[in-house]
Every structure is written in C-alpha cells, then in structure tokens.
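Here the structure comes first, spelled out in structure tokens, and everything after it is commentary.
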Amino acid sequence: MVYDEFRRTTSSQSDENNQNNNDNSLDKTKEESLDWAKEAYARLKSKQDKENSENKNRDQEEIVKAGIDKDDLIDKSKDAEDENFTISLSNNEDQKEIIKPSSLGEFDESFTWSAEILAAQGKKVDDISVEEIDWLTRLRRGLEKTRKGFVTELLDKLGDDPLTPEVVDDLEMLLLRADAGVLATDQVLEALRRRLNEEVLDASEGLRFMKDQLCKILDAPIEASGIDLLVPKRGVLNIWLFVGVNGVGKTTTLGKISSLAIRSGYSSLIAAADTFRAAAVEQVQVWGKRSGVQVISNTTANADPAAVVYDAIGAAKAKNIDLLLVDTAGRLQTKHNLMEELEKIRRIVDKLAVNSCVESLLVLDASQGQNGLRQALAFSKSAGLTGVVITKLDGSSRGGVALAVASEANLPIRFIGAGEGIKDLRPFNSFEFVEALLANR
Ligand SMILES: Nc1nc2c(ncn2[C@@H]2O[C@H](COP(=O)(O)OP(=O)(O)OP(=O)(O)O)[C@@H](O)[C@H]2O)c(=O)[nH]1
Ligand SMILES: [Mg+2]
C-alpha cells in the first residue's frame with residue numbers, strides 16, 4: 069500500500085477523508101481533544117509495533133531463504149527489474165537515498181496539536197498516519213520564527229477581553245508588518261470590523277474569525293483554479309516548470325518533489341534546464357541520485373535550455389513518464405533577455421506538450437516579503453504561472469507573504485517548504501498553514 073504524499077492519503081483511504089475537507093469542527097473541549105489524541109497515539113503505537121515485528125519476521129525469512137536458494141532470488145529480482153520501469157530507469161536507483169519512514173515520537177504537545185489539527189479537518193481516529201503527524205510537527209516548528217515575530221505580539225494584543233476598535237487597529241499594523249499585503253489586510257480587517265459592529269467578540273472568537281478570513285483569502289485562488297490539490301494526473305505526461313529569481317529554492321524544491329513523486333508511486337524525470345550556472349547541472353544530479361530519478365542534461369557551455377527541455381519531453385514521452393520536472397535558471401524579473409528566454413522554454417513546452425498537463429510554478433522565498441509579490445506579477449506574464457511554491461518558511465519571520473500572493477497575484481499556493489531536508493516540503497493546505505502560523509501554544 070503506497071502512501072500518496074500529493075494526496076496525503078494511502079490508496080485505501082477515500083477522498084472524503086482528504087485534507088481539504090475543512091469542516092473546521094474545532095468544537096471539541098480540551099479534555100475531548102486530549103482523549104482523542106491519546107486514542108490516536110495508542111492506535112499508531114500498536115500499528116507501528118505490529119509492523120516492526122512483521123518486518124523482523126520478514127527479514128529473518130529472507131535470510132533463511134537466501135541461504136537455501138540464492139540463485140532463485142537473483143532471478144526474481146531481474147524479473148522485477150523488467151516489470152518495474154523505475155527500477156530499470158537508471159543507475160541512479162542504486163544510489164537512491166533510503167529515506168527513513170517517519171516514526172512515532174513521544175506523546176507530547178506536538179503530537180496533541182497535530183492530532184487536533186487533523187481531527188478538525190474531519191479525519192477519523194483510524195485515519196491518522198505517522199506521516200501526517202510528522203509533517204505537521206515540522207510545519208509548526210518551521211513557522212516558529214514567523215510566530216515569534218508577529219503572532220505572539222498579536223495574541224498578546226488580543227488578550228482575554230472582548231475586542232476593541234483599538235486592538236483591531238493594532239492587528240492591522242501587525243498584518244502589514246508580516247507582509248500580508250494591503251489587500252489581504254484590508255479584507256480581513258473590514259470583515260472583522262463589520263462583525264464587531266454586529267456583536268461583541270471575545271478574544272478567542274475574534275481569533276477564530278480572523279483565522280477563517282485568512283483561510284478564505286488563501287483558498288480563493290485554489291477554488292478558482294478548480295484543482296484542490298496539485299497531483300500528477302495518471303495516464304498523461306505532467307510537466308512542472310520551476311521558475312523564479314536567484315537562490316529562492318527552485319532546485320531544492322524540484323529535488324524534494326522528485327523524491328515525493330517516487331515515494332508516492334509516480335515515475336519521474338528531471339530536465340536540467342539551468343544551463344546558465346556551471347554547477348547547476350551537478351546540483352540537480354545530486355538530487356536525481358537522492359531520489360532515484362534520471363536527469364536529462366547538456367553540459368556543453370552555453371547549451372540552449374529550450375533544447376534540453378525539448379530532449380527531456382521526448383525522453384519522458386518515450387518512457388511513459390508520469391512527471392517531468394524542469395529546473396530553470398534563476399533570473400531577475402527585470403532582466404528582459406532572460407525573461408524572453410523563459411518565454412521560449414514555455415513555448416517549446418506548449419508546442420510539444422499537447423495532451424500533457426503543464427504547471428508553471430513560481431518559487432518564492434518567504435523571507436523576501438513584498439518583493440515576492442512583485443516577482444509573482446512579473447513572472448506571471450513570461451512564464452504563464454499557474455501556481456506558487458513558498459520556500460524557507462522556516463528561516464523567515466514573514467510568512468504573511470502567502471496572503472499577499474493569494475490576494476494580489478491571485479495565484480494558488482501549491483506547496484510549501486519549511487526546511488532544507490528532503491521531507492520538508494508538503495502540499496499546501498490553508499487550514500493547517502493558518503493554524504500553524506497562529507498556534508498559540
Ligand atoms: N532553510 C531553508 N532553506 C532552503 C529551503 N529551500 C531551499 N533552501 C536553501 O536555499 C539555498 C538555495 O537553494 P536552491 O535550490 O539552490 O535555489 P535556486 O532557486 O535553485 O537557485 P539558483 O538556481 O541559483 O537560482 C540552498 O542553500 C537551499 O538549501 C527551505 O525551505 N528552507
Ligand atoms: Mg537552481
């Protein structure tokens with residue numbers, strides 16, 4: 069049974085339980101939440117113990133079998149290579165990084181918070197997986213700086229008393245300082261003021277209302293795109309281009325997604341279309357090795373990136389690849405000739421990609437704040453953007469840029485990165501993002 073990290077569900081779970089089912093039923097009491105988390109933990113623990121003992125038994129059986137009939141085992145592994153395309157794809161598979169499966173940690177505050185977030189999205193106690201807990205823990209840890217820089221003050225301002233117009237004014241300043249942008253800030257504050265005209269809100273009601281407004285802003289472009297979750301479509305070639313200014317994390321994001329694709333059972337190929345920087349091809353090859361994904365490249369000086377993309381699409385079609393990931397050179401949105409080069413890559417993709425699903429993803433470094441918004445608007449024109457990946461949420465105190473991008477560039481956020489590790493990237497989920505951003509414990 070494969071755990072599909074794009075959908076965040078195992079093949080046996082129905083889509084009904086999927087993450088974007090935000091019914092937000094945060095109506096459990098503290099005691100109920102704790103009991104629920106305890107039960108989820110106990111179930112996970114017993115599942116993990118069972119799996120560990122099954123693995124041990126299997127290992128022992130294989131050792132015994134290998135002793136009796138080693139040749140037979142070798143023959144079998146050859147057959148498997150022929151049948152399984154990703155295995156025969158390249159030598160990279162040999163060096164593929166063994167990614168340790170997520171394991172259950174302590175029953176601590178991180179666990180109970182993560183369990184609560186999953187419960188609030190309608191997950192049943194049986195559906196909780198270690199992978200989900202692991203990611204939410206990473207996300208909350210990753211957003212720590214933003215929380216310290218903005219949220220703690222916000223929560224202090226909210227206090228315990230009913231909201232006053234003065235507190236709302238302070239919230240406005242805080243949102244602007246976190247780079248949420250004027251449009252998103254106005255939208256949230258107007259809604260809050262309207263609500264306050266109708267009734268008195270205590271601090272926790274005010275916070276809940278604000279969180280809902282933030283989710284609404286983040287979800288609007290996702291809903292408008294008609295695609296809740298960006299998942300490679302089966303049976304066609306999916307081409308995902310990664311574009312953006314220098315050093316924002318394009319190659320790292322592409323590497324993480326290639327690993328995520330392989331872990332989730334999709335075949336993948338990488339096009340090293342950053343021919344500008346000498347070490348770029350090497351960097352992408354390292355990621356290819358880590359994930360076990362073949363890299364199509366051209367190492368001659370000044371190779372045409374569009375030609376690399378052309379070759380890679382040909383190879384991907386010939387090999388029936390599910391997901392082709394295209395790394396591009398970093399470029400300033402103000403450099404006209406480089407933006408033209410990007411348009412050329414885009415034209416090649418559009419020409420060859422009939423019947424393919426093309427995504428053009430802008431990678432944004434969260435710490436660049438409002439500058440990210442300007443990049444989004446400029447790249448939208450040349451690269452025909454369909455979505456955004458926000459990286460380095462762990463290293464910045466300006467997670468608010470997600471709101472500016474959603475409200476002002478009207479682009480759906482598809483993935484977020486909160487660390488340099490191979491597992492520090494996940495499909496975006498507004499509810500979890502806002503809860504982690506405003507986690508008050
Ligand atoms: N802390 C943190 N670092 C990240 C994250 N994503 C990428 N980085 C780091 O940012 C640096 C630049 O990442 P790259 O992936 O090379 O960026 P790029 O956009 O491909 O850069 P160019 O190809 O030079 O334009 C590297 O040191 C990465 O490890 C993240 O989510 N968190
Ligand atoms: Mg790069």
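Counting in our numbering, the sequence shown runs from 69 upward without gaps. All C-beta atoms, glycine included, are put in the ideal place defined by N, C-alpha and C.
Item                                                                                                                                                                           : Value
Assuming T180 is part of the alpha helix (DSSP H), what are its boundary residues?                                                                                             : 177-188
Alpha carbon to alpha carbon, what distance is there between R331 and D72?                                                                                                     : 8 angstroms
What I want to know is whether the C-beta of K460 ends up closer than 6 angstroms to one or more non-hydrogen atoms of ligand 2.                                               : no
Expressed to the nearest angstrom, what Euclidean distance is found between the alpha-carbon atoms of G323 and E409?                                                           : 23 angstroms
Could you check the C-alpha separation between N152 and N405 for me, to the nearest Å?                                                                                         : Only weak support exists for where N152 lies, its pLDDT of 31 falling under 50; the value from the coordinates is given anyway. Approximately 43 angstroms between the Cα atoms of the pair.
Short check: CB of V354 to CB of A340, under 7 angstroms?                                                                                                                      : no
Tell me whether L505 sits in a helix, a strand or coil according to DSSP, three-state version.                                                                                 : helix
Compute the minimum distance between the beta carbon of D195 and the heavy atoms of ligand 2, and state whether it is under 6 angstroms.                                       : no
Under a three-way DSSP split, which group does L244 fall into?                                                                                                                 : helix
Run the proximity test for T319: is its beta-carbon closer than 6 angstroms to any non-hydrogen atom belonging to ligand 1?                                                    : yes
Can you tell me whether D103 is buried or exposed? The criterion is at least 16 other CB atoms within 10 Å of its CB, across all chains shown.                                 : exposed
With a threshold of 6 angstroms, establish whether the CB of D342 neighbours any heavy atom of ligand 2.                                                                       : yes
List, from N- to C-terminal side, the beta strand (DSSP E) runs of 3 residues or more that fit wholly inside the segment 362-410.                                              : 362-364, 391-396
So what's E84 in DSSP terms, helix, strand or just coil?                                                                                                                       : Any reading at E84 needs caution, since the residue's pLDDT is 44, under 50, leaving its predicted position unreliable; the model's value is listed next. In the structure shown, E84 sits in a helix (DSSP, three-state: H, G or I).
Assign T97 to buried or exposed, taking buried as 16 or more other Cβ atoms, counted over all protein chains shown, within 10 Å of its Cβ.                                     : exposed
Given A105, which residues of its chain have a CB within under 6 angstroms of its CB, disregarding the five upstream and five downstream residues?                             : T180, A183
Keeping to the same chain, check which residues put their C-beta closer than 6 angstroms to that of A64; ignore five residues upstream and five downstream.                    : Residue numbering for the chain in the displayed model covers 69 to 509; residue 64 lies beyond these limits and cannot be assessed.
Out of F74, D176, D296, A348, state which residue places its alpha-carbon closest to the alpha-carbon of D395.                                                                 : A348
Who are the near neighbours of V219 in its chain, counting only those whose CB is closer than 7 angstroms to its CB and skipping five residues on each side?                   : L505, L506
Check for me: the alpha helix (DSSP H) holding I201 runs from which residue to which?                                                                                          : 198-210
Leaving out five residues on either side along the sequence, give the residues of the same chain with a beta carbon under 7 angstroms from the beta carbon of N88.             : Residue confidence for N88 is low, a pLDDT of 42 falling below 50, so the modelled location carries little weight and cannot support an answer.
Does the Cβ-Cβ distance between G455 and R482 come in under 7 angstroms?                                                                                                       : yes
So does E488 have its beta carbon nearer than 6 angstroms to some heavy atom of ligand 1?                                                                                      : yes
For L337, list the residues DSSP reports as bridge partners.                                                                                                                   : Q362, L392
Okay, do the segment 360-375 and the segment 301-317 touch, 3+ Cβ pairs below 8 angstroms being the bar?                                                                       : no
Any idea if L400 is buried or exposed, counting beta-carbon neighbours within 10 angstroms, 16 or more meaning buried?                                                         : exposed
Give the straight-line distance between the Cα atoms of L461 and V377, rounded to the nearest whole angstrom.                                                                  : 30 angstroms
Label D176 either buried or exposed according to how many other C-beta atoms from any shown protein chain fall within 10 Å of its C-beta, with 16 as the threshold for buried. : exposed
Any heavy atom of ligand 1 closer than 6 angstroms to the CB of G467?                                                                                                          : no
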